[in-house]
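Novice: Per the numbering used here, the sequence shown starts with residue 72, numbered consecutively.
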Amino acid sequence: KMAKRTSGSSSRSLSGNGGKASNGKRRKLATEELDSSENPSVQQKYWLMKSEPETRLVNGVDVKFSIDDLRASPDMTSCWDGVRNYQARNLMKEMQIGDQAFFYHSNCKEPGIAGIVEISREAYVDDTQFNRKDPHFDPKSKKSDPKWFMVDVRFVRKTKRYIRLSELKEIYQEHSKRGGELKEMALFTRARLSVQPVTREEFDFILSLEEPH
């Protein structure tokens, strides 16, 4: 839903990395984290998805979309549109229903992880690419051969505390030197991508940071 994406390095960005559910379309379902044991044949994957939590006008359209905006959406669900980077798009096409992702606030004073979302609908055509009034309009994309896709995400919960990028960067630098779960995290090795893969080990380690140490 990178609707409200960040410029360039976050989702909904116009520089091609964008992606977030735009204010107009929101679809979402429940509020509890999915138990992957419901379908043991499907390997649950984890992701990080960037969106802009602060107002920013692009062609007269506010691309702001925060974790609170998602929670306030109908059924706490929204499409994650506006991704205009091929790597990020391809990663979204790998997403499956039930996958979980960190909702990351980007392009703001204090970037960081604000919550957890769940993929509730797998990749389908992002119609904002055909809308001339949308900031993510792509004149080179045709309805007969669309270039861009989106998924739907639903709010699961906010993290118990806001996990700042600055804190994660310190841990990453330490783990890079001495070993640790975050030593190869895409947030730092593929920083400009608005949609990023997260390993199970990275996901669990970051969740462990919610509790005070």
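C-beta: ideal position from N, C-alpha, C; glycine also.
For L119, which three-state DSSP category applies?
Specialist: strand
Novice: By how many angstroms is the C-alpha of C179 removed from the C-alpha of F276?
Specialist: 24 angstroms
Novice: Can you pull the DSSP bridge partners for S149?
Specialist: V224.
Novice: My assumption, with CB atoms under 8 angstroms, is that D152 sits in contact with M221. Please give the rounded CB distance.
Specialist: Confirmed, about 4 angstroms.
Novice: Which residue's Cα is closest to the Cα of E189: C150, T199, V154 and S212?
Specialist: C150
Novice: Just to confirm the assignment, what range does the alpha helix (DSSP H) spanning E165 have?
Specialist: Y157 to E165
Novice: Would you mind working out which of R192, N156, R160 and H176 sits nearest D170, comparing C-alpha positions?
Specialist: R192
Novice: Starting from the C-beta of F208, find all residues in its chain whose C-beta is less than 8 angstroms away, skip the five residues before and the five after it, and write them out in chain order.
Specialist: T199, Q200, F201 and N202
Novice: Within the chosen definition, does the segment 157 to 175 reach the segment 264 to 274 through at least 3 CB pairs nearer than 8 angstroms?
Specialist: yes
Novice: Mind the definition here: the segment 119 to 126 touches the segment 134 to 143 only if three or more C-beta pairs lie below 8 angstroms; say whether that holds.
Specialist: yes
Novice: Report the partner residues of F174 according to the DSSP bridge assignment.
Specialist: M120 and G186
Novice: Name the one or two DSSP bridge partners that P268 has.
Specialist: W118
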